[in-house]
Structures are given as C-alpha cells and as structure tokens.
Amino acid sequence: LLDLLDLPGDLEIEIQEDQALVNLEDVGSGLLIGRRGATLDALQELVRCAVQRQTERRSQVRVDVEGYRGRHVDKLRDHCREAIAEVRETGNPARLDPMDAYERKLMHDLVARTGGVTSSSEGTDPKRRVVIYPEAR
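Position in the sequence shown (from 1) plus 1213 gives the number in this note's numbering.
Rendered as structure tokens:
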C-alpha cells in the first residue's frame, strides 16, 4: 500500500490474540490520519478487506500511523475517567462522545473495572456512544 501511494515509511506488524496490528512509521502522518482519524479508518477498512480477500475469512486488522491510535485511546480513557468521577460525584449519567465499536469496548472495559458505575451504549452508528451511570444500590 505504501508503494501504491508512493509514500516512504516502515511497516511493523504484530499479532495479538486474533488481531493483526499494523503500524506505519515515518510516512507523513497527517496525510494518512486525516481529520479526526477518518482517513486512517478508511485505510484500515481497505487493508481489512484486502486481507479478508486473500485469506477468505473474516479478519481483524487494526492499522495505526506513528502511534496515533494509542494516543487517541489514551485521551479517550482520560475523558472516561473524568466522566466516571463526575457520575460518582453528581449521581447523574454522563454521555461520552460518539466512537467506533472498538473504542466503545475499551471504555466499557474501563467502566467495568471501576466500582460504583456501570455503562451501556446508546444511539446508532456513526453516532453511537457510551453512557456511564451510577451503579444501582
């Protein structure tokens, strides 16, 4: 893909559980990430489809550029922790910004590891979001 786009860069592939993690380094990140990661999401879908076509089975592929997704997930987790603190303090639900299914799962996992709160998803894609509630007593 880097050759097709005539981009320099290095490619690292790591397998974790049943998912391939592909990280592109030194590629001019702004071009491949796009606004709010939209270009990166599209690139990931293209790679996933290509892998699925080659392997003839559903494939889990996560594409990252220069650690963008990791930094983004760290910010989401920080925001989720702030929302958890707010829910505990006020007793009112907190709605996180819309996010993709993978990111929502990470937020639900974080909430599940935290006492005193619970979570669910609401809405439909692409505006589906996590809502954090005080745990029923």
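Glycine residues also receive a C-beta, built at the ideal position from the N, C-alpha and C atoms. All values reported here derive from a predicted model rather than from experimental measurement.
Sorted by chain position, which residues of the same chain lie with C-beta nearer than 6 Å to Leu1205's C-beta, five sequence neighbours on each side aside? No answer is possible for residue 1205: the residues shown for the chain start at 1214 and end at 1350.
Is DSSP giving Asp1287 helix, strand or coil here? helix
Any chance you could list the beta strand (DSSP E) runs of at least 3 consecutive residues sitting entirely within the segment 1245-1278, in chain order? 1273-1278
Complete runs of the beta strand (DSSP E) confined to the segment 1315-1347 [at least 3 residues]: 1330-1335, 1342-1347
Taking all protein chains shown into account, decide if Ser1333 is buried (16 or more other Cβ within 10 angstroms of its Cβ) or exposed. exposed
Best match in Glu1279, Ala1307, Ala1298 for proximity to Leu1224 [C-alpha to C-alpha]: Glu1279
Report buried or exposed for Gln1257, applying the criterion of at least 16 other Cβ atoms within 10 angstroms of its Cβ. buried
Indicate whether the contact test is met: 3 or more Cβ pairs, each with one atom in the segment 1298-1313 and one in the segment 1332-1349, closer than 8 Å. yes
Quick one: give me the first and last residue of the beta strand (DSSP E) that Leu1224 is part of. 1223-1229
Proximal residues to Asp1277 (C-beta, below 8 Å), its chain only, five neighbours per side dropped: Leu1234, Val1235, Asn1236, Leu1237, Leu1253, Gly1283
Please work out which residues of its chain come closer than 6 Å, Cβ to Cβ, to Glu1348, disregarding the five sequence neighbours upstream and downstream, and give them in chain order. Gly1329, Val1330, Thr1331
Should Arg1317 go down as buried or exposed, given a rule of 16 or more other Cβ atoms within 10 Å for buried? buried
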